[in-house]
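S.K.: Residue numbers (the working numbering): 1 to 375.
Glycine residues also receive a C-beta, built at the ideal position from the N, C-alpha and C atoms.
One structure follows; several queries about it will come next.
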Amino acid sequence: MLIGLSAWPSATIADHHLAKPNIVFILADDLGYGDVACYNPESKVPTPNIDRLAKEGMLFTDAHSPSTVCTPTRYSVLTGRMAFRNGMRGVFTGAGGPCLIEKDRLTIGSMLKQQGYTTALYGKWHVGLTFFDKGGKPILKNGLEPVKQIDYSRPITDGPLHRGFDHFFGTACCPTTDWLYAYIDGDRIPVPPTKIVDRTPLPKHPYSRDNRPGMIAPGFDLEEVDMVFLQKSIEFLEAHKKKSPDKPFFLFHSAQAVHLPSFPGRAFKGATNAGPHGDFIFEMDFIVGALVKKIDELGFGENTLILFSSDNGPEVPTVNNMRKTHNHDGARPWRGIKRDQWEGGHRVPFIARWPKKIEAGSTSNQTICLTDIMA
């Protein structure tokens, strides 16, 4: 998909008075097919912004993630290559690494940079990084004890900036579950963790599972992570408009929402009648709306391809509890959930909007996979 866009000959572009399109990819985390109202008329969670995106573009009914867990899907999205080819089956946590993307592997970011794009990634990376201890030795291990060994004065040598992205702000792994609670800015952690946080101060509800005790940085708010990511993406769009409005850009917004634990931001608590996880889905929908609104406000809308999807199906505790307490099925109408080979584990929402290029309100029943974004 993107190779076709980036490889347009310049003569063809000039003949049609077109510029290379900007590309924005918004990837939700663990958002099920049935969590989105335009896919599930029985959904108990309003998703007006995602629904509007579908009305303004094309809704794909048969889209699939290349894996049913986080890390392999992200590798495949970034490279167009199935993760099993390099042996990865599970996920990274904490100081886990090295980067799963091979050093010389072409990525979406590096491919588009070759075509003159400014590239940016904000949010969850989760394909591995190399952290070093104070002796300069690579750590490359999951878990809490390896995180305690990190020398934060040393730069990361195999992160997004080394795999095709000009700008990065985000987290190494899941920002609210995986041992290391700190933001990476470029190739460093500017505010290192200083203490261990456990579950004690966190909300007590069935959707607060999966949060591990870990090292946390001052000012790192587990409930506001997605709003921080959103602000960084908005700041990138505004800066690009000011500094280089005629240069195409690729923005990959990799959200934490709606991965467990379900910690909706303060502005979204109680926003729905579907409990904490419903509020978290509503926050994800708000993020989509805020990004689309900013893109349109800045005048990028007509020449921007916006893609929206999820990395896999909904998580086990969220599906079980939402079915029981709110009659909401995040996998509906499919059998299976996250980690399953059944379709509920990998059949995901996928929406594309590009005004005047993609017919508004259209539907495609074509079978696609997220690896097709690069391919």
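(1) Would you report the Cα separation of residue 283 and residue 119, rounded to the nearest angstrom?
(2) Pick out whichever of 333, 304, 345 has its Cα sitting closest to the Cα of residue 39.
(3) Please classify residue 9 as buried or exposed, where buried requires at least 16 other C-beta atoms within 10 Å of its C-beta.
(4) Residue 242 to residue 113, Cα distance in whole Å?
(5) Would residue 251 and residue 22 be called neighbours here (beta carbons separated by less than 9 Å)?
(6) Let me know the secondary structure DSSP gives residue 162 once reduced to three states.
(7) Quick one, which of 30, 259, 147, 280 has its alpha-carbon nearest residue 269's?
(8) Can the beta-carbon of residue 63 be found less than 9 Å from the beta-carbon of residue 309?
(9) The beta strand (DSSP E) spanning residue 349 covers which residue range?
(10) Helix or strand or just coil, what does DSSP make of residue 48?
(11) Does the distance from the CB of residue 285 to the CB of residue 46 come in under 9 Å?
(12) Compare the C-alpha of residue 91 against each of 347, 354, 173 and name the closest.
(13) Alpha carbons only, please: which of 24, 155, 106, 249 is nearest the one belonging to residue 134?
(14) Along the alpha helix (DSSP H) that carries residue 73, what are the first and last residues, could you check?
(15) How far does the alpha helix (DSSP H) with residue 279 in it extend, from its first residue to its last?
(16) Pull up the DSSP beta-bridge partners for residue 252, would you.
(17) Could you tell me the alpha carbon to alpha carbon distance between residue 13 and residue 20, rounded to whole angstroms?
(18) Count the other CB atoms, across all protein chains shown, that sit within 10 Å of the CB of residue 304; report buried if there are 16 or more and exposed otherwise.
(19) Could you say which of 166, 296, 168, 314 lies nearest to residue 261 if we only look at CA atoms?
M.R.: Taking the geometry as given:
(1) 25 Å
(2) 333
(3) With a pLDDT of only 40 at residue 9, under 50, the local geometry of the prediction cannot be trusted, and no value is derived from it.
(4) 20 Å
(5) yes
(6) helix
(7) 280
(8) yes
(9) 347-353
(10) helix
(11) yes
(12) 173
(13) 155
(14) 70-79
(15) 275-297
(16) 25, 121
(17) Unreliable placement is indicated for residue 13, whose pLDDT of 36 sits below 50; the coordinate value is still reported in the next sentence. Residue 13 and residue 20: Cα-Cα distance of roughly 7 Å.
(18) buried
(19) 314
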